[in-house]
Each structure stands twice: as structure tokens, then as C-alpha cells.
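This report refers to the structure that appears directly beneath it.
Residue numbers (the numbering used here): 4 to 534.
Structure below.
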């Protein structure tokens with residue numbers, strides 16, 4: 004924007020921040036949009052044309068993308084900190100937004116009359132192989148493109164600093180390499196002695212915004228960036244800092260998330276010069292966004308099949324695709340191979356006017372339209388069993404079959420381990436199930452039918468493999484989805500038919516229930532009892 008906005012927070016005392024390990028599985032961002040390669044290429048070409056005509060000789064071109072996460076923002080800050088613990092990290096929350104910054108770049112710092120800046124230009128990814136990693140580092144130190152990019156910004160900062168420092172006090176140290184978990188970056192140091200009575204306002208007037216995130220020449224670069232990007236960058240590329248007595252320190256707010264109205268925005272960019280290559284620059288944007296990548300996982304569905312007919316196949320596919328699209332999985336092959344199933348018309352008319360128990364008997368023991376014909380891809384398919392459909396991020400999928408083992412135990416155990424309802428992984432069927440897998444041995448060894456969990460508010464959630472139904476006053480209730488759970492296919496089916504209702508339920512409701520049932524789309528409805 005054409006105006007700079009300032010927010011100031013005052014603190015009575017300082018308190019040391021304590022790091023905390025946060026479960027990586029809780030964070031699976033649902034991307035609303037992602038980096039736009041076509042738009043970036045279009046602007047990249049415009050920058051090259053502007054450089055060839057002499058309008059600018061370097062531009063910091065950026066993009067942003069948005070995502071949603073149920074995680075508490077401070078929890079997310081602590082989780083991302085374990086991935087990128089930078090010197091200038093910051094978490095800020097006010098009435099309208101939350102800022103999570105993991106900036107590695109110093110804008111400026113002052114101590115008495117000395118001022119230091121450390122512009123950052125030049126990036127290369129790290130390698131798991133120590134020898135290759137060192138080779139990447141050496142390449143960065145000697146690459147003419149990165150060196151020239153760095154020198155240009157140093158010249159710009161020297162020019163900005165000259166307005167506020169004394170003559171002959173300027174000192175420069177070029178081309179240091181800083182290593183971070185995912186990348187190496189080149190920095191240089193520019194410092195000097197401030198003129199007498201220079202205020203913080205005058206420092207900002209001379210230096211802001213930092214030349215490393217604009218380009219050169221500075222004013223023309225800012226105008227050109229506004230033409231290209233056509234958006235306000237917000238806190239991104241602004242500055243965050245601390246003022247304490249006669250010293251202060253400010254970062255360049257890169258690697259920074261901004262949360263407003265439950266939506267996170269993350270921006271990333273790279274410096275373009277004449278010999279920049281489009282492919283390399285766009286890869287740099289993705290590299291700088293890698294901090295937001297969830298841990299590796301796949302999606303899956305488990306279904307009941309009998310005589311090559313699969314129960315609720317379409318419903319399972321729709322849930323799988325819904326999750327896949329949110330997490331940017333490739334779904335082309337899935338749509339193509341299951342086109343006929345996905346385009347079958349669904350009608351629940353024949354399932355209306357049933358009681359819960361009569362319907363369960365029909366669904367799992369009689370022929371009907373919710374059994375879909377589909378050739379099982381096995382040489383020796385079971386006559387009856389469990390079918391697991393696994394979808395990988397690149398679009399590959401596979402089937403696995405297993406026998407349907409009956410569990411004679413009807414005990415429902417209550418776990419003391421709490422679910423965090425703001426964990427993204429709870430709401431999707433994925434391999435990120437460590438929490439549940441730690442308890443699954445109990446029903447696998449027939450010690451119970453399932454284990455029920457509560458969240459941080461003591462609301463009843465779900466079992467490790469089933470959804471729950473409580474019968475009270477001849478009404479059937481199931482915990483509300485926002486308490487933290489997977490919306491089971493059978494659960495959703497029964498809600499749509501009006502046979503069960505969502506409601507916030509607590510431990511007392513369990514004890515007061517006339518009957519308790521566990522349900523899923525493989526085993527149907529099972530009456531259970533508390534131990």
C-alpha cells in the first residue's frame with residue numbers, strides 16, 4: 004500500500020519464551036489456493052522486459068496463497084518453530100489479526116549510535132547428503148547471479164544509510180552464508196555510525212521498506228511492484244521489532260503468516276535480475292513455502308464388501324475426494340477410474356420410514372442399491388471382508404483386502420487421553436492416526452469393542468474406529484462434528500435420514516443414556532456397555 008501502518012505494544016516486563024514440542028500430525032492445511040505458476044510466469048516476463056529497457060535492474064516479485072487450519076494459532080506457531088527456529092521469530096495477536104513470523108533476516112538494529120543492517124539475497128536448497136549440501140553452499144558462494152543480486156541490494160542499503168550516518172563510517176562485509184533447516188541463504192553486513200540526534204522515525208524514513216524486498220532502484224521498483232502484484236502485501240515485507248532503552252532491533256517480515264477471519268495468508272518471493280531463470284525462481288518460491296508442508300501422509304477409506312459388491316462405495320469416494328481436494332492431492336485418475344460409480348444417481352427414498360434397527364438390518368444383511376458392483380482387483384478375492392482404498396498425494400491409489408473378524412466383546416472403554424478438537428487430522432481419514440493407533444490394540448486383542456474419547460472441553464467425541472450414538476428418552480443422539488471427529492459415512496447417512504441428531508454430549512450423558520451404540524460402515528450398529 005502507499006501508506007505504512009504502525010502497531011505498537013507496550014510490556015511491563017520481559018519473559019523468556021519456552022519452546023514446546025507439538026504433535027506434527029495435528030497440522031494438515033486445507034489450501035484455498037496455492038502458488039499460481041501462470042501468473043508468476045506472466046509477471047516474470049514483464050520484469051525481464053522492464054530490466055531490458057532500463058526501468059529497473061532488480062525486482063522482488065512475490066505471490067501469496069491462503070489456507071485454513073483448525074489449529075490454534077499459537078500452537079501452530081510453536082509447531083512451525085520446530086521446523087524453522089529463526090533469530091527473529093515473533094507471535095503477535097491483536098483485535099483483528101494474528102501474525103506468526105519466522106523471519107531469518109535482520110532489517111536493522113541500533114545500539115547507542117551504531118546501526119547495523121544485514122540484507123539477505125541468494126538462496127539454495129539444502130541436501131540430506133552432507134557432501135552435496137556443502138557443494139550447494141559452495142555453489143551459492145560463487146554463483147554470479149546470486150552474487151550480483153546481493154551486491155545490488157547492498158548498494159541500495161549503502162545509499163539509504165548514507166542519509167543518516169556520518170561520513171566515512173560506512174563498513175561492508177559481503178557474502179556470508181547462513182544455513183537454515185531447508186535452505187542456505189546469502190547475507191551481507193552494512194553498518195555505520197548514526198549522525199547526532201537521529202530519531203527512530205528518521206531511521207525508518209531513510210530505510211523503510213527494506214531494499215531486499217523491493218528491488219532497485221527503490222522508488223521505481225515499488226511503483227512497478229504495485230502494477231504487477233495489484234495487492235497489498237500486509238505485514239509481509241514490512242517489519243517487526245523491539246525497542247528497549249537505547250537499543251532496538253527490527254526484522255524484515257518474510258516467512259510470515261497472517262491470520263484474519265480464520266484464514267491464514269502466506270507470501271513468498273524471490274529477487275529477479277537479468278539472468279534469472281523462470282524455473283529456478285518459481286522453485287525458490289516453493290522452497291520458501293516448504294515450512295508449511297504437512298508431514299507425509301496418505302488418505303484412505305475402509306469399506307465392507309460381499310460377493311464383489313461394495314457397500315457405500317460412492318459415499319466413501321465422495322468423502323475421499325473431498326479430503327483430497329482440500330489437501331491438494333492429485334485426483335485425476337480417481338475421477339477417471341470411478342466415473343461410473345460417481346455418476347450413479349443416489350436416492351435414499353427406499354430407506355425412509357425405517358426404525359434405526361430395522362434399517363441397520365436391511366443395510367448389512369439384505370440386497371439394496373447402496374451395494375455397488377465393482378470388480379475387485381485381486382486374484383483371489385475374499386467372499387466377504389474389508390476393502391481398504393489408499394490414495395497417495397501423486398494420485399496413485401491401491402486396494403487392500405482383509406478378513407472381517409468378529410469381535411464378541413461389547414465393552415466400551417473410556418480413555419483418559421484427551422482429543423484436541425483443533426487438530427486438523429481428526430476430520431479426515433488419513434494415515435496420521437498415531438493417537439488412535441496407540442489404543443487400537445485393546446479392541447484388536449478383544450479386550451473391548453472400542454475406546455471412546457473426550458476433547459479438551461470434556462465433550463464426547465468418537466471411538467478409535469467407530470462413531471457413537473446415545474439413546475435418551477427414545478431419541479438417538481451423536482456427538483456434534485465440531486467436538487472433534489471423523490464424519491463417518493454411516494453416521495452421515497443416518498443423520499440425513501433423520502434417525503440420529505447431532506448434539507454436544509458429555510460424560511454424564513454417557514452414564515445417563517438408556518443405551519449406547521457404536522457404528523461404522525463396515526460393521527454396522529453394535530450395542531455396547533460401559534465397564
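Built from N, CA and C at the ideal position, the CB exists for glycine as well. None of these values were measured; they are calculated from a predicted model.
CA-CA distance, residue 609 and residue 214? In the structure displayed, the chain extends from 4 to 534; residue 609 sits before or after that span and is not available.
Which of helix, strand or coil DSSP assigns to residue 274: As a first step, residue 274 must be located in the chain shown, where it is residue number 271. Looking at residue 274 - three-state DSSP - the assignment turns out to be strand.
Hey, residue 102 and residue 246: beta-carbon distance below 8 angstroms or not? Here residue 102 corresponds to residue number 99 of the chain shown, with the count starting at 1. Here residue 246 corresponds to residue number 243 of the chain shown, with the count starting at 1. No, the pair does not count as a contact, with Cβ atoms beyond the cut-off.
Can you look up residue 410 in the DSSP assignment and give me helix, strand or coil? Within the chain shown, the letter at position 407 stands for residue 410. In the structure shown, residue 410 sits in coil (DSSP, three-state: anything other than H, G, I, E or B).
Can residue 206 be considered in contact with the ligand MG, in the sense that its beta carbon sits closer than 7 angstroms to one or more heavy atoms? As for the ligand MG, it is missing from this structure, which has no ligand bound.
Can you name the residues that DSSP bridges to residue 123? Against the chain shown, residue 123 aligns to sequence position 120. In DSSP, residue 123 forms a bridge with 190.
To which residues does DSSP link residue 520 through a beta bridge? Numbered from its first residue, the chain shown carries residue 520 at position 517. Bridge partners of residue 520: 472, 530.
Between the alpha carbons of residue 107 and residue 88, how many angstroms are there, rounded? Counting from 1 along the chain shown, the entry for residue 107 is found at position 104. Counting from 1 along the chain shown, the entry for residue 88 is found at position 85. Distance between the alpha carbons of residue 107 and residue 88: 9 angstroms.
Using the C-alpha atoms, what's the distance from residue 133 back to residue 447? Counted from its first residue, the chain shown places residue 447 at position 444. Counted from its first residue, the chain shown places residue 133 at position 130. Using only the alpha carbons, I get a separation of about 43 angstroms.
Secondary structure of residue 504, DSSP reduced to three states: Residue mapping note: residue 504 aligns to position 501 of the chain shown, counting from 1. Note: residue 504 maps to strand in three-state DSSP.
C-alpha distance - residue 242 paired with residue 109, whole-angstrom precision: Translated into positions along the chain shown, residue 242 becomes position 239. Translated into positions along the chain shown, residue 109 becomes position 106. Roughly 9 angstroms separates the two Cα atoms.
Residues bridged to residue 402 [DSSP beta-bridge criterion]: Taking the chain shown and counting its residues from 1, the one referred to as residue 402 is at position 399. Answer is 392.
Cβ separation of residue 258 and residue 294, assumed to be a contact under 8 angstroms, to the nearest whole Å: On the chain shown, position 255 is the one that residue 258 refers to. On the chain shown, position 291 is the one that residue 294 refers to. With 8 angstroms as the limit, residue 258 and residue 294 qualify as a contact, their Cβ atoms being about 7 angstroms apart.
Which same chain residues end up closer than 6 angstroms to residue 318 when comparing Cβ atoms and leaving out the 5 residues on each side of it in sequence? Start at 1 with the first residue of the chain shown, and residue 318 comes out as number 315. Only 492 meet the Cβ criterion.
Under 7 angstroms Cβ to Cβ from residue 152, same chain only, skipping five residues before and after it: list those, please. Residue numbering aside, residue 152 sits at position 149 when the chain shown is read from its first letter. Closer than 7 angstroms at the Cβ level, and outside the excluded window around residue 152, lie 61, 124, 125, 274, 276.
Suppose you measure from the CA of residue 451 to the CA of residue 412; what does that come to, to the nearest Å? Within the chain shown, the letter at position 448 stands for residue 451. Within the chain shown, the letter at position 409 stands for residue 412. Between residue 451 and residue 412, the C-alpha separation is close to 5 angstroms.
Going straight from the alpha carbon of residue 434 to that of residue 381, what length do you get? Numbered from 1 along the chain shown, position 431 holds the residue referred to as residue 434. Numbered from 1 along the chain shown, position 378 holds the residue referred to as residue 381. Between residue 434 and residue 381, the C-alpha separation is close to 23 angstroms.
Around the Cβ of residue 378, are there at least 16 other Cβ atoms within 10 angstroms (buried) or fewer (exposed)? Position 375 of the chain shown, counted from the first residue, corresponds to residue 378. Exposed.
Would you grab the beta carbon distance between residue 366 and residue 466 for me? Rounded to a whole angstrom, and I think it's under 8 angstroms. Here the question's residue 366 lines up with position 363 in the chain shown. Here the question's residue 466 lines up with position 463 in the chain shown. With 8 angstroms as the limit, residue 366 and residue 466 do not qualify as a contact, their Cβ atoms being about 19 angstroms apart.
Classify residue 32: buried if its beta carbon has 16 or more other beta carbons within 10 angstroms, exposed otherwise. Here the question's residue 32 lines up with position 29 in the chain shown. Flag for residue 32 reads buried.
Decide if residue 428 is buried, meaning its Cβ has at least 16 other Cβ atoms within 10 Å, or exposed. Position 425 of the chain shown, counting from 1, holds the residue named residue 428. When all chains shown are included, residue 428 counts as buried.
According to DSSP, which residues form a beta bridge with residue 358? Position 355 of the chain shown holds residue 358. DSSP lists no partner for residue 358.
How would you call residue 523, buried or exposed, if buried means at least 16 neighbouring beta carbons within 10 angstroms? Indexing the chain shown from 1 puts residue 523 at position 520. Under this definition residue 523 is a buried residue.
For the alpha helix (DSSP H) containing residue 342, list its first residue and its last residue. Taking the chain shown and counting its residues from 1, one reaches residue 342 at position 339. Looking at the DSSP string, the run of the alpha helix (DSSP H) that includes residue 342 is 342–345.
Once you ignore the five residues that flank residue 114 on each side, which residues in its own chain have a CB closer than 8 angstroms to its CB? Here the question's residue 114 lines up with position 111 in the chain shown. Excluding residues within five positions, the ones whose Cβ falls inside 8 angstroms are 249, 250.
For the pair the stretch 404–424 and the stretch 453–462, tell me if three or more CB-CB distances fall below 8 angstroms. yes
Where residue 172 and residue 165 are concerned, what is the direct C-alpha to C-alpha distance, given to the nearest angstrom? As a position in the chain shown, residue 172 is number 169, starting the count at 1. As a position in the chain shown, residue 165 is number 162, starting the count at 1. Rounded to whole angstroms, residue 172 to residue 165 spans 9 angstroms at the Cα level.
Between 345, 260, 439, 459, which lies nearest to residue 28 when the distance is taken from Cα to Cα? For the purposes of this step, residue 28 is identified with residue 25 of the chain shown, where counting begins at 1. Ranking the options by Cα distance to residue 28, first place goes to 439.
When the Cα atoms are used, what is the spatial distance from residue 490 to residue 430? Position 487 of the chain shown, counted from the start, is the residue given in the question as residue 490. Position 427 of the chain shown, counted from the start, is the residue given in the question as residue 430. Using only the alpha carbons, I get a separation of about 7 angstroms.
Is residue 256 helix, strand or coil by DSSP? What you label residue 256 is simply residue 253 of the chain shown in a count that begins at 1. Coil.
Option nearest residue 263 by Cα separation, candidates 473, 518, 69, 407: In the chain shown, counting from the first residue as 1, residue 263 sits at position 260. Selected option, being the one with the closest Cα: 69.
According to DSSP, residues forming a beta bridge with residue 317: Along the chain shown, read from residue 1 onward, the residue named residue 317 stands at position 314. Residue 317 is not bridged to any residue.
Separation of residue 184 from residue 281, as counted between CA atoms: By 1-based counting over the chain shown, the position of residue 281 is 278. By 1-based counting over the chain shown, the position of residue 184 is 181. Taking the straight line from one Cα to the other gives about 24 angstroms.
Three or more C-beta pairs below 8 angstroms linking the stretch 154–164 and the stretch 214–229: yes
Does the Cβ of residue 449 have 16 or more other Cβ atoms within 10 Å, making it buried, or fewer, making it exposed? By 1-based counting over the chain shown, the position of residue 449 is 446. Under this definition residue 449 is an exposed residue.
Of all the beta strand (DSSP E) runs that stay within the bounds of the stretch 199–264, which reach a length of 3 or more residues? 242–247, 250–255, 259–263
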